[in-house]
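**Student:**
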Amino acid sequence: MDYIRHAAVLLMGVSLIFIVGCDTAGVASENAGADSLGVFASGTVAEDWTRDAVFYQIFPERFRNGDASNDPVRASIEFSERAPASWRVSPWTGDWYARADWEKEMGDGFYEGVFHRRYGGDLQGVLDQLDYLADLGINAIYFNPVFYARSLHKYDGASFHHIDPYFGPDPDGDLAVIAAEDAPTPAQWAWTAADRLFLNLLEAAHARGIRVVIDGVFNHTGRAFFAFKDLREKQQASPYKDWYVVTRWDDPATPEDEFDYEGWWGYKPLPIFADNEDGTSLHPGPRQYILDATARWMDPNGDGDPSDGIDGWRLDVAGEVPLGFWSGWNAHVRRINPNAYTVTEIWEDAARFIDRGGFSATMNYHGFAFPVKGFLIDGTLPASGFAEMLQTRLRSYPEPTRFRLQNLIDSHDTDRLASMIVNAGVYAYAAPEKFDYDWGEHVSPRHGDRYRVRAPDARERRIQRLVAFFQMTYPGAPMIYYGTEAGMWGADDPDDRMPMVWPDLAYEPQAADPLGRPRTPDPVAFDSTVFAFYQRIIRLRHTRAAFRHGTFEVLTAADEPRTLAFRRTLGEEILTVVINRGDAPHRLPLSTPADSTTFAVVFSTSDDETVSVTAEDEAVMVELPALTGAVLRSAARRP
Ligand SMILES: [Ca+2]
Ligand SMILES: [Ca+2]
Ligand SMILES: [Ca+2]
Ligand SMILES: [Ca+2]
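This is the structure in structure tokens:
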């Protein structure tokens, strides 16, 4: 009901141009103009669930500790030999940059101990909070890796066919089961307690209408991966001797270990899989293993009905695996579940991965997050440049793909949205073509001593609203990174992986600074105002089909003052979105020379200031407060 509050003006008889015809043939009408994009092709393209999805990204170790009895132990963690005997699971509600005694034993710097921290997040925690997610309005989860691995992020898989034992109820029991298994043979794969809990989670999520997409890391593994362990031990006698890129075997005649291999970007803890002989796919060994593991999670009981399985995959570093592998893998996926969603982690234009690799979509850093940072967050990209960049990058994808792109701002790989806003303008751009998005030394105090770790202020929260507003009104499936809706802020990895801030927990203030700089303590608590706004904006997307399925048309993009107007049209539903990125109120004219319509403000990002619309001859004039966005709803008058 919140939007009714802002429906201050309802004008009858305002004339309005009807810019894009939305016909069922999927073709823009002749007067659509050069900027017309994304014509809805109902009837020509298979319907899928993604265009109606609002995703939520969960980093499992940091979302919710639902079971203290399964928390990681020191021996379980990667590089456990470096952690002092006094190592403990870290307190969920502690001051992030404050250091435990065991961390201080590891070195002087914050970043020397933090990667050894564990907070005990697990699948029970997610199960316990499905109602929270449903209440927020999300209907799809993307999980960072859930498979067995020793790191906190789990991109170093020890298995792709078992869930991490410490995410389930019986770590010791699961580890014993896994150790007894003949790993490459699917017929012998057991279902551990963690595996079964994950299947329960799928069932509980599906019962709430929430789909689940998981992370597939098929480029590399960890050194604890069963094949790599065997290879390392048995060398050329191992049945897995060709699975990895071995550059040197151990010479048994010498005491030293000469064994060497290629790691991901030279990083030895992540050995990469070998390609096949002609480089068109992965080596047949890992390829078959991945296909088997894929089927296990997509149709767990193997009865041909995928409803008990996951709904899709997010593919880590997809550009580093041969495209031929992906086209075969995607065909395999669709044979199991034709409605499965597969989304690449590609930070540049990903059109060829979709065209030739068979993916559904990409994480839309390039076509969404970069331009949003330039215009809405930094305020350095002019509105006209923003409109141009959006449209050019949207056009590079075929029409059905445009509605499936995963539109995100922040993730486990970037600083958080609120912190991006807090740090706008702190540094001159080093990579202006991407507005320094995820640009190492400018997105973390780990590398740049001017990076601000403080909480956002009121003006910065208004900008956050504009970003979320744009995300929910633009073509493509929005994705919220866990905690952004709860008001969380944080720098790039590892500070974007702080424990989730929950309303039922009391947190210490953030008082420590990672570089020892003076700091005014920031209270840490679930921000119910931010949350309520995200609820409202997600509801807007769910209730206005034109935002999910409609055409996209830029109406005006003014560089001074910074305003943007665009339109989403679906049949008779015409939604005009207006955004004032400027710091002063602005009267935004919208020319409306054609058909008469009704015209009403149905949503505003401002809680307390009124957005109003008045008719002026051949135009309407929208009064927009500073840093505010609004939705105007109109309907074509029936002839
Ligand atoms: Ca736990
Ligand atoms: Ca040797
Ligand atoms: Ca099944
Ligand atoms: Ca990063």
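With my numbering, the residue at position 549 of the sequence shown is 552, and numbering never jumps.
All residues carry an ideal CB built from backbone N, CA and C; glycine is no exception.
The structure displayed is predicted, hence computed values, not measured ones.
Applying the criterion that 16 or more other CB atoms from any shown protein chain within 10 Å of the CB defines a buried residue, is residue 604 buried or exposed?
**Tutor:** Buried, by the Cβ-count rule.
**Student:** For residue 259, verify whether its CB is less than 7 angstroms away from any heavy atom of ligand 2.
**Tutor:** Under cutoff, so the answer is yes.
**Student:** Considering Cα atoms alone, identify which of 65, 142, 203, 151 is closest to residue 79.
**Tutor:** If we check each option's Cα against that of residue 79, 151 comes out closest.
**Student:** Taking only the alpha-carbon atoms, compute the straight-line gap between residue 363 and residue 353 and give it to the nearest angstrom.
**Tutor:** Their Cα atoms are separated by approximately 11 angstroms.
**Student:** Excluding five sequence neighbours on each side, which residues of the same chain lie with their C-beta closer than 7 angstroms to the C-beta of residue 369?
**Tutor:** Excluding residues within five positions, the ones whose Cβ falls inside 7 angstroms are 350, 351, 352, 396.
**Student:** So is residue 478 in contact with chain D if we call contact Cβ pairs under 8 angstroms?
**Tutor:** No chain D appears in the structure shown, which is made up of a single protein chain.
**Student:** Helix, strand or coil for residue 259? Go by DSSP, reduced to three states.
**Tutor:** Note: residue 259 maps to coil in three-state DSSP.
**Student:** Give the DSSP-derived three-state secondary structure of residue 636 in the structure shown.
**Tutor:** Three-state DSSP puts residue 636 in a strand.
**Student:** Answer with buried or exposed for residue 394, where buried requires no fewer than 16 other C-beta atoms within 10 angstroms of its C-beta.
**Tutor:** That one is buried.
**Student:** Nearer than 7 angstroms: is that true of the beta carbon of residue 189 relative to any heavy atom of ligand 3?
**Tutor:** No, ligand 3 has no heavy atom inside 7 angstroms of this Cβ.
**Student:** By the 10 Å Cβ neighbour count, where 16 or more other Cβ atoms means buried, how is residue 191 classified, buried or exposed?
**Tutor:** Looking at its Cβ environment, which holds fewer than 16 other Cβ atoms inside 10 Å, residue 191 is exposed.
**Student:** In chain order, what residues place their C-beta within less than 5 angstroms of a heavy atom belonging to ligand 1?
**Tutor:** That query returns the following residues: 68, 70, 73, 74, 123, 125.
**Student:** Taking residue 480 and residue 58 to be in contact with their CB atoms under 8 angstroms, please state how far apart those CB atoms are, rounded to whole angstroms.
**Tutor:** With 8 angstroms as the limit, residue 480 and residue 58 qualify as a contact, their Cβ atoms being about 6 angstroms apart.
**Student:** Check the DSSP bridge columns for residue 364 and list the partner residues they point to.
**Tutor:** Bridge partners of residue 364: 346.
**Student:** Give every residue of the same chain whose Cβ lies closer than 7 angstroms to the Cβ of residue 410, excluding the five residues on either side of it in the sequence, and list them in chain order.
**Tutor:** 367, 371, 474, 477, 479, 480, 481, 482, listed in sequence order.
**Student:** Looking only at DSSP bridge pairs, what is residue 128 linked to?
**Tutor:** Partner(s): none; residue 128 has no beta bridge.
**Student:** Checking the sheet assignment: what are the DSSP bridge partners for residue 513?
**Tutor:** Looking at the DSSP assignment, residue 513 forms a beta bridge with 525.
**Student:** For residue 278, does the three-state DSSP call read helix, strand or coil?
**Tutor:** In this structure, residue 278 counts as strand in the three-state DSSP scheme.
**Student:** Quick one: what's got a C-beta closer than 7 angstroms to residue 433's C-beta in the same chain, skipping five residues either side?
**Tutor:** Only 439, 442, 445 meet the Cβ criterion.
**Student:** With 16 as the cutoff for other CB atoms within 10 Å, does residue 212 come out buried or exposed?
**Tutor:** Classification for residue 212: exposed.
**Student:** Reducing DSSP to helix, strand and coil, say where residue 617 ends up.
**Tutor:** It is a strand residue.
**Student:** Which same chain residues end up closer than 6 angstroms to residue 449 when comparing Cβ atoms and leaving out the 5 residues on each side of it in sequence?
**Tutor:** So the qualifying residues of the chain are 114.
**Student:** Looking only at its chain, what residues have a beta carbon closer than 6 angstroms to the beta carbon of residue 626, apart from the 5 residues adjacent to it on each side?
**Tutor:** Cβ neighbours of residue 626 beyond the five flanking positions: 590, 615.
**Student:** Could you please give me the residues that DSSP links to residue 218 through a beta bridge?
**Tutor:** Note: residue 218 sits in a beta bridge opposite 317.
**Student:** Taking contact to mean 3 or more Cβ pairs, one atom from each stretch, closer than 8 angstroms, check whether the segment 96-112 and the segment 462-471 are in contact.
**Tutor:** With the cut-off at 8 angstroms, the segment 96-112 and the segment 462-471 do not touch.
**Student:** Alpha carbon to alpha carbon, what distance is there between residue 358 and residue 121?
**Tutor:** Computed Cα separation, rounded: 40 angstroms.
**Student:** Following a CB-centred definition, is residue 345 positioned closer than 7 angstroms to any heavy atom of ligand 4?
**Tutor:** The answer is no for residue 345.
**Student:** DSSP state of residue 224, grouped into three classes?
**Tutor:** Three-state result, residue 224: coil.
**Student:** Are residue 168 and residue 178 close, meaning C-beta to C-beta below 8 angstroms?
**Tutor:** Their beta carbons are under 8 angstroms apart, which means residue 168 touches residue 178 by this criterion.
**Student:** Can you list the alpha helix (DSSP H) stretches of 4 or more residues lying completely in the segment 397-428, in chain order?
**Tutor:** Entirely contained in the segment 397-428, the alpha helix (DSSP H) runs reaching 4 residues are, in chain order, 402-405, 420-425.
**Student:** State buried or exposed for residue 523, treating a residue as buried only when at least 16 other CB atoms are found within 10 Å of its CB.
**Tutor:** Result: exposed.
**Student:** Is the beta carbon of residue 301 less than 8 angstroms from the beta carbon of residue 324?
**Tutor:** No.
**Student:** Since residue 594 and residue 622 should fall inside the 8 angstroms C-beta cutoff, what is the C-beta to C-beta distance between them, to a whole number of angstroms?
**Tutor:** Confirmed, about 5 angstroms.
**Student:** Please confirm whether any heavy atom of ligand 4 lies closer than 7 angstroms to the CB of residue 319.
**Tutor:** No, since every heavy atom of ligand 4 falls outside the 7 angstroms radius drawn around the Cβ of residue 319.
**Student:** Using 8 angstroms as the threshold, is the C-beta distance between residue 276 and residue 222 below it?
**Tutor:** Their beta carbons are under 8 angstroms apart, which means residue 276 touches residue 222 by this criterion.
**Student:** Quick one: is residue 243 buried, meaning 16 or more other Cβ sit within 10 Å of its Cβ, or exposed?
**Tutor:** So residue 243 counts as buried.
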